[in-house]
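One structure below.
Numbering (the numbering used here), first residue to last: 47 to 575.
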């Protein structure tokens, strides 16, 4: 038997990812050098750590329950162990001794009963048969109690994630949901092409895929596989690293992807690799095209952000201002952007400037996401400190410090409403998604929460507004995608998939929602009547 620390670390890393501990997974991955291991993550099935722990637990239970000659104590297995019990010193000897004492006690009682009825041997023999029958009947009951105890225990642990009963009136029927399969690992991200029904997805199987969902395409949806390879010994070999981010340019002709292998890549819409951008010294966590389409912005674990020339593939400028990994970036205009980090800071930087033009401080924990409002006047940020803050370039202190969530806020999105949008008469609206299983809608001008959306039962990883701002999609690790009316806060559509939902997104027409999931599936929900 061979166990290496790299293998153990990889299983722990995958467990953290699958359980939603994304920041812990990131930190652990860096400290344990996961990206430098030679393990092919695409071959490791989901829940691998839990599976091997269960098998180990079964082995310890078997070791306790079975005599040296191979017979089972008392004819039945010992009661189930907890994982903590199983790792206690001398658990096998202690449990076996307790079982022997219990067995000896039962045998002594049986012997005493037999002696008391020895004078009536015939009657005793006659009585023994029903007694044995009773004993045999009781045995399954004990076993049954153990099984029920396990089920009840599991239910108690997961009672918060008991599937919600979806109202038939809002449930999206199966004929309106298309499930796309092809990825071999979790699908972390998805994004619609801004001008056509092409859906891009990025996965832990070291591929991105482009799914053609145009209704005039022959034979339903087709997929292009974008394999992320690195050069080794003069050959292209799979990187075996997660695709962490992707973004279409504004005219839908090019797709940029960021990977845990440290490279950003630009692909054509027909799946050809146009260029590879390599200057980061570690995984890339986020990347964005500017509106003009001439620059790409990336954020990495190496604490830097980089502006790339999309035409030449060259790095125009690297910004080394964070003191810890950069987690998210967003353009304010074609040359100015904001970045956030685990260092709790937000920097606003401009191409050609060798210092940040503005730094916002106020969060007391990692800043997970940042987004400029459609006008570029206000910047929203969310953090593990459970707060959502609104910033303005006109002042250092935050404009609003919004505190309502009870756990970390994972992501935020501005609605397509207010000035500089196609819905200028509507109020500026912001959505926040949290590990407290809720989504909140905020009136930013007043700094108040107008709706708390509470149907999810697990952390909410993604929210997205429809193009007209009338609806909000949310995706959670409870496997559900919910569609909400943003004015009333009511649930209007709901779909339960087969894996935890990492990302949701709307197509440009606002009649389809894409969702990517932890079981490798991508689903497309058709919301047309």
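Glycine is no exception: its CB is placed at the ideal position from the N, C-alpha and C atoms. Nothing here was measured: the structure is a model prediction, and the numbers come from that model.
Across the set 325, 455 and 259, the C-alpha of 455 shows the shortest separation from the C-alpha of residue 427. Judged by DSSP secondary structure, residue 64 falls within the alpha helix (DSSP H) whose first and last residues are 51 to 64. Taking 3 residues as the minimum length, the beta strand (DSSP E) runs contained wholly in the stretch 249 to 296 are 253 to 258, 268 to 273, 275 to 278, 281 to 284 and 289 to 294, in order along the chain. Between the stretch 457 to 471 and the stretch 397 to 413, the count of C-beta pairs closer than 8 Å stays below three; the two stretches do not touch. Rounded to whole angstroms, the Cβ separation of residue 252 and residue 274 is 5 Å, and the two are in contact under 8 Å. A straight line joining the alpha-carbon of residue 521 with that of residue 464 spans about 25 Å. In this structure, 370 is the residue among 345, 397, 370 and 61 with its C-alpha nearest to the C-alpha of residue 390.
Within 10 angstroms of the beta-carbon of residue 102 lie fewer than 16 other beta-carbons, which makes it exposed. Shown here for residue 479: same chain residues with a beta carbon closer than 6 Å to its own, the five before and five after excluded, namely 456, 457, 485, 506 and 509 in chain order. In the three-state DSSP reduction, residue 89 falls in the helix class (H, G or I).
For residue 69, the enclosing alpha helix (DSSP H) starts and ends at 68 to 77.
By the Cβ neighbour-count rule, residue 329 is buried, with 16 or more other Cβ atoms within 10 Å of its own. Judged by their CB atoms, residue 519 and residue 238 are not nearer to each other than the 8 Å cut-off.
Here DSSP, grouped into helix, strand and coil, assigns residue 407 to strand. Residue state for residue 228 is assigned as coil, using DSSP reduced to three classes.
Across the structure, residue 358 and residue 327 are spaced so that their CA atoms are roughly 20 Å apart. Around the beta carbon of residue 318, fewer than 16 other beta carbons lie within 10 angstroms, which makes this residue exposed. CA-to-CA, the gap between residue 129 and residue 429 works out to about 33 Å.
Taking a contact to require three or more Cβ pairs closer than 8 Å, the stretch 80 to 95 and the stretch 275 to 288 qualify as touching.
Annotation: residue 408 to residue 254 spans about 36 Å, alpha carbon to alpha carbon.
567 is the residue among 567, 502 and 261 whose C-alpha sits nearest the C-alpha of residue 227. Excluding residues up to 5 positions away in sequence, 394 and 396 lie with their Cβ nearer than 6 Å to the Cβ of residue 403 in the same chain. Looking at the DSSP output, residue 557 sits in no beta bridge, so it has no partner there.
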